Amino acid sequence: MANITGPTPWAIILCKFSDQNQEPQNPQFFQDLFVNPSTGGMFDYWHDISYGAIDLTYSKVFGWLQLPYTLATDKQRTRMQRITSAIDAVKNQVDFSPFYGIIVILNAQVDSGSVGIQQLTFGSTIKNYGLLVLDPGAWNNTFAAHEMGHGYGLDHSFDTNPVSYDPNDDSRPGAYGDKWDIMSAFTFAGCSATFQDPRFGASGPGLNALNHLVLGWATNQITDVDLNLNNWRERVNLSPLNQPVSSGSSAFVRVLYGSSTYTVEYRKKAGWDRGIIHEAVLVHKLQNGSSYLQEGKYTQDLQEGDVFLDVGVTIKVETINSIQGYATVTIGPPNSPSNPPHPSVCDNLRRMMDANSKDFKELSRRRQNTTCDTEKIELDRKIEENQKDFDVLFDEWENSGCP
0 MANITGPTPW
10 AIILCKFSDQ
20 NQEPQNPQFF
30 QDLFVNPSTG
40 GMFDYWHDIS
50 YGAIDLTYSK
60 VFGWLQLPYT
70 LATDKQRTRM
80 QRITSAIDAV
90 KNQVDFSPFY
100 GIIVILNAQV
110 DSGSVGIQQL
120 TFGSTIKNYG
130 LLVLDPGAWN
140 NTFAAHEMGH
150 GYGLDHSFDT
160 NPVSYDPNDD
170 SRPGAYGDKW
180 DIMSAFTFAG
190 CSATFQDPRF
200 GASGPGLNAL
210 NHLVLGWATN
220 QITDVDLNLN
230 NWRERVNLSP
240 LNQPVSSGSS
250 AFVRVLYGSS
260 TYTVEYRKKA
270 GWDRGIIHEA
280 VLVHKLQNGS
290 SYLQEGKYTQ
300 DLQEGDVFLD
310 VGVTIKVETI
320 NSIQGYATVT
330 IGPPNSPSNP
340 PHPSVCDNLR
350 RMMDANSKDF
360 KELSRRRQNT
370 TCDTEKIELD
380 RKIEENQKDF
390 DVLFDEWENS
400 GCP
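Numbering (numbering that gives the first Met the number 0), first residue to last: 0 to 402.
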């Protein structure tokens with residue numbers, strides 16, 4: 000996992016093609032989008048969601064600078080070639096050595112995206128840089144934050160769907176499937192997760208907890224639950240992720256079982272998350288270095304009383320207090336005693352099995368009420384999995400020792 004902390008200055012180079020002389024925005028726009036604090040741009044975004052772990056101090060805007068080639072020439076290049084060609088063209092005018100990453104701004108529509116972290120050589124200096132290119136169609140907070148996330152080493156975020164939500168861009172199963180994470184922009188499993196900033200357009204959401212973990216953030220504000228060592232349930236209060244942590248609460252929970260890592264987070268419609276579809280408790284699992292949004296009994300977005308079950312892991316949402324802004328969850332092995340005490344495990348399992356027959360009605364109700372087509376597809380699939388849920392509960396009962 001990465002450890003991205005402290006100042007991460009970016010060089011923002013504004014580049015004009017030799018046959019395209021327009022300057023769609025003045026340099027001050029990019030100064031406010033990337034460099035200046037308190038403007039509602041990227042400085043504020045990364046400072047806020049990282050709990051101050053990183054900022055964009057010492058970032059700098061250069062240009063507009065003239066490129067020695069045309070738009071048509073650039074259209075023939077790969078993204079990596081497009082970025083390095085622009086850098087090579089201006090390297091005698093810009094000292095890139097002080098910077099963490101380089102953002103190439105192009106003045107005509109051609110391509111936007113990131114190539115992640117790549118090694119560049121300037122003279123005798125060899126160094127890794129986060130690299131991205133943004134054309135005029137990408138000068139908004141959400142697009143910029145997503146590509147900068149790649150520049151910090153993040154992958155796309157995923158859910159457990161067997162197919163990609165945008166196979167033309169990333170064909171891996173579940174790609175772009177997290178409706179609460181910037182690394183699923185702009186697809187967000189087919190739902191909206193952004194709000195409109197009056198100056199910088201589409202904005203938000205923040206990062207999910209597992210991506211916080213990948214980047215090494217909030218390590219002193221999380222609760223660790225190691226189910227390899229504990230055989231009781233632990234009760235944890237969660238503050239909304241990507242927002243200040245209240246006293247007595249955690250930013251999120253890291254759960255360990257076997258070789259698996261999970262995170263549990265609470266998301267609230269506020270701050271950079273004010274565009275999410277609704278508040279929820281979310282469970283993610285680390286797979287191959289990337290985050291996968293997990294499914295509870297009904298949907299991915301766990302509400303009060305909902306339970307997430309996996310081999311060796313039970314996570315229950317006890318309360319969600321929207322007014323005071325916290326959620327309470329209990330986490331432990333299946334059928335474990337509670338600490339502090341909770342209702343009998345056997346009674347809970349019996350009630351859950353008895354309630355299984357009601358799940359179909361609840362799923363159907365949610366499907367009827369949702370306005371998101373992809374959620375309808377998800378719920379259709381979950382209805383088919385209703386019996387699988389019962390099978391899991393029955394196995395838990397059989398292995399629990401309950402009479």
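Glycine included, every Cβ here is placed at the ideal spot set by N, Cα and C.
All values reported here derive from a predicted model rather than from experimental measurement.
- Remark: C-beta atoms of Lys178 and Asn106 do not approach each other more closely than 8 Å.
- Look at Leu105 here: in three-state DSSP terms it is strand.
- Here Gly51 is actually not in contact with Pro26; their C-beta atoms are around 27 Å apart, not less than 8 Å.
- Between His155 and Gly115, the gap from beta carbon to beta carbon reaches 8 Å or more.
- Under the three-state reduction of DSSP output, Pro204 falls in the coil class, being neither helix nor strand.
- Here His283 is bridged, per DSSP, to Thr262 and Leu292.
- Apart from the 5 residues on each side of it in sequence, Trp45 sits with its Cβ closer than 8 Å to the Cβ of Thr7, Ile53, Asp54, Leu55, Ala144 and Met147 in its chain, given in chain order.
- Secondary structure of Tyr128 (DSSP, three-state): strand.
- Counting only the Cα atoms, Ser37 lies some 22 Å from Leu133.
- Residue Trp271 holds the alpha-carbon nearest to the alpha-carbon of Phe194 among Ser238, Thr369, Trp271 and Ala184.
- Tyr44: not part of any beta strand (DSSP E); member of the alpha helix (DSSP H) spanning Met41 to Ile48, first to last residue.
- When secondary structure is reduced to three states using DSSP, Glu146 falls in the helix class.
- In chain order, Glu303, Ala326 and Thr327 place their CB closer than 7 Å to the CB of Thr318, counting only its own chain and leaving out the 5 sequence neighbours on each side.
- Bridge partners of Ala174 according to DSSP: Phe157.
- Ranked by Cα distance from Asp31, the options His277, Pro172, Asp43 and Ile314 are led by Asp43.
- Restricting attention to Lys375, Ile382 and Ile376, the CA atom closest to the CA of Phe359 is found in Ile382.
- Straight-line spacing of the CA atoms in Thr298 and Gln19 works out to 49 Å.
- If you draw a 10 Å sphere on the C-beta of Asn219, you find fewer than 16 other C-beta atoms in it, and that means exposed.
- The Cβ atoms of Leu226 and Val312 sit closer than 8 Å to each other.
- With contacts defined as CB atoms closer than 8 Å, Ser123 and Tyr68 fail to qualify as a contacting pair.
- The beta-carbon separation of Val34 and Ser58, rounded to 5 Å, stays under the 8 Å limit for a contact.
- Beta-bridge annotation (DSSP): Gly270 is not paired with any residue.
- The C-alpha of Phe28 lies about 22 Å from the C-alpha of Gly129.
- In this structure, the CA atom of Pro161 is about 12 Å from the CA atom of Tyr291.
- Rounded to whole angstroms, Leu362 and Lys296 show a C-alpha spacing of 9 Å.
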